[in-house]
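Q: Numbering (this note's numbering), first residue to last: 24 to 320. Each residue gets a CB set at the ideal place from its N, CA and C atoms; glycine is no exception. None of the values given here were measured: they were computed from a predicted structure. Before I ask anything, let me first share the structure, which is written out below as structure tokens.
Below you can see the structure in the form of structure tokens.
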């Protein structure tokens with residue numbers, strides 16, 4: 024299946040329900056399970072996807088509320104090894120009850136706290152589906168619970184370009200919808216390729232944190248994250264590339280807490296995703312490019 028070009032957003036379409044069903048069936052979603060599992064849950068089965076998104080298939084397809092770009096596909100995920108799979112001796116419920124964990128969580132914004140709270144209280148922490156759909160669903164659900172409406176209502180008008188509305192810009196950056204068109208290159212370069220982190224930072228809803236900050240302990244629970252396995256792929260996406268000639272992969276997820284060794288040194292990150300890697304903490308060598316955004320909303 025060919026990727027949906029970025030310039031589709033410039034046009035209005037009248038799409039039949041049958042066509043939309045076919046498009047939905049052809050959407051290429053990233054791997055949703057651990058490396059040793061074969062099945063992938065349907066995209067629309069993510070636990071936190073709002074009813075509004077379910078009922079607005081046309082808007083979702085056009086505005087990239089679902090991720091439809093196969094180059095963030097995780098086709099060949101890093102294979103966990105004994106060194107990569109940090110021993111998880113304590114669980115999140117225990118940490119939530121611990122005073123130090125409560126203090127750590129309290130540093131986060133109300134939306135970030137709600138994201139973590141919803142995740143910890145969820146009976147299905149690995150819903151399957153696409154990583155971007157799941158992370159975005161968790162963010163939008165928490166935002167609506169805190170503020171009473173979806174985040175699109177609060178996007179600044181300054182995000183708009185000659186080609187796109189603020190919502191379209193937000194969704195394009197969130198989905199890392201790279202191509203060689205004028206549209207992608209009209210978006211601010213500083214936020215391209217950073218996925219959820221770039222979109223939220225550009226919207227003024229948080230502060231970007233780079234790899235150094237991430238591994239120096241600057242993340243707050245509920246921070247949104249976008250990573251890339253290979254730096255060269257990330258750089259091509261930022262510049263704008265023909266995605267049919269590129270087969271990189273990245274991952275979108277939410278930071279929960281740090282894993283530390285006996286000397287209190289950070290050795291890993293516990294995350295919330297759709298089930299692809301949340302079964303183990305991540306370590307620095309899992310990816311070459313790390314971006315995050317600490318929310319302030």
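1) Alpha carbon to alpha carbon, how far is residue 160 from residue 283? Give it in angstroms, no decimals.
2) In angstroms with no decimal places, state the Cα-to-Cα distance between residue 319 and residue 229.
3) Using a threshold of 8 Å, state whether the C-beta atoms of residue 213 and residue 315 are closer than that.
4) Taking the alpha-carbon of residue 276 as reference, which of 297, 186 and 261 has the nearest alpha-carbon?
5) Using the C-alpha atoms, what's the distance from residue 128 back to residue 122?
6) Between residue 261 and residue 216, is the Cβ-Cβ spacing less than 8 Å?
7) Evaluate contact between the stretch 176-184 and the stretch 247-266, counting only Cβ atoms and requiring at least three cross-stretch pairs below 8 Å.
8) Tell me whether residue 14 sits in a helix, a strand or coil according to DSSP, three-state version.
9) So, with DSSP's three-state summary, where would you put residue 224?
10) Does residue 202 get closer than 8 Å to chain D when you measure Cβ to Cβ?
11) Specify the secondary structure class of residue 253 as computed by DSSP and reduced to three states.
12) Within a Cβ cutoff of 6 Å, which residues of the same chain sit near residue 248, ignoring the five residues on either side of it in sequence?
13) Hey, could you find the ends of the beta strand (DSSP E) residue 281 is sitting in?
14) For my contact list, residue 148 and residue 243 are in at a C-beta cut-off of 8 Å; report their separation, rounded to the angstrom.
15) By how many angstroms is the C-alpha of residue 150 removed from the C-alpha of residue 236?
16) Short of 7 Å in beta carbon distance, which residues of its chain neighbour residue 112, apart from the five on each side in sequence? Order them along the chain.
17) With DSSP as the reference, identify every bridge partner of residue 313, one or two as the case may be.
18) Short check: CB of residue 324 to CB of residue 201, under 8 Å?
19) At which residues does the alpha helix (DSSP H) containing residue 161 begin and terminate?
20) Which residue's Cα is closest to the Cα of residue 241: 192, 152, 310 and 289?
21) Assuming residue 245 and residue 136 form a contact by the criterion Cβ under 8 Å, report the distance between their Cβ atoms to the nearest whole angstrom.
22) On the premise that residue 198 lies in contact with residue 155, defined as a C-beta separation below 8 Å, what is that separation, rounded to the nearest angstrom?
23) Just how far apart, CA to CA, sit residue 223 and residue 157?
24) Would you mind working out which of 193, 300, 306 and 309 sits nearest residue 152, comparing C-alpha positions?
25) Give me, in chain order, the residues of the same chain whose beta-carbon lies closer than 7 Å to that of residue 167; leave out the 5 immediate sequence neighbours on both sides.
26) Would you kindly check if the distance between the Cβ of residue 273 and the Cβ of residue 6 is under 8 Å?
27) Quick one: Cα of residue 225 to Cα of residue 303, how far?
A: With the structure as the only source:
1) 29 Å
2) 5 Å
3) no
4) 297
5) 10 Å
6) yes
7) no
8) The structure shown does not extend to residue 14, since the chain spans only 24 to 320, so no value can be given for it.
9) helix
10) In summary, chain D is missing from the structure at hand, where a single protein chain is found.
11) coil
12) 276, 278 and 315
13) 273-283
14) Residue 148 to residue 243, Cβ: 20 Å. No contact.
15) 29 Å
16) Here residue 112 scores only 43 on pLDDT, less than 50, and its place in the model should not be relied on; the value that follows carries that caveat. Nothing listed; no residue qualifies.
17) 250
18) Residue numbering for the chain in the displayed model covers 24 to 320; residue 324 lies beyond these limits and cannot be assessed.
19) 154-170
20) 289
21) 6 Å
22) 6 Å
23) 16 Å
24) 300
25) 173
26) Nothing about residue 6 can be reported from this structure: the residues present for the chain run from 24 to 320 only.
27) 30 Å
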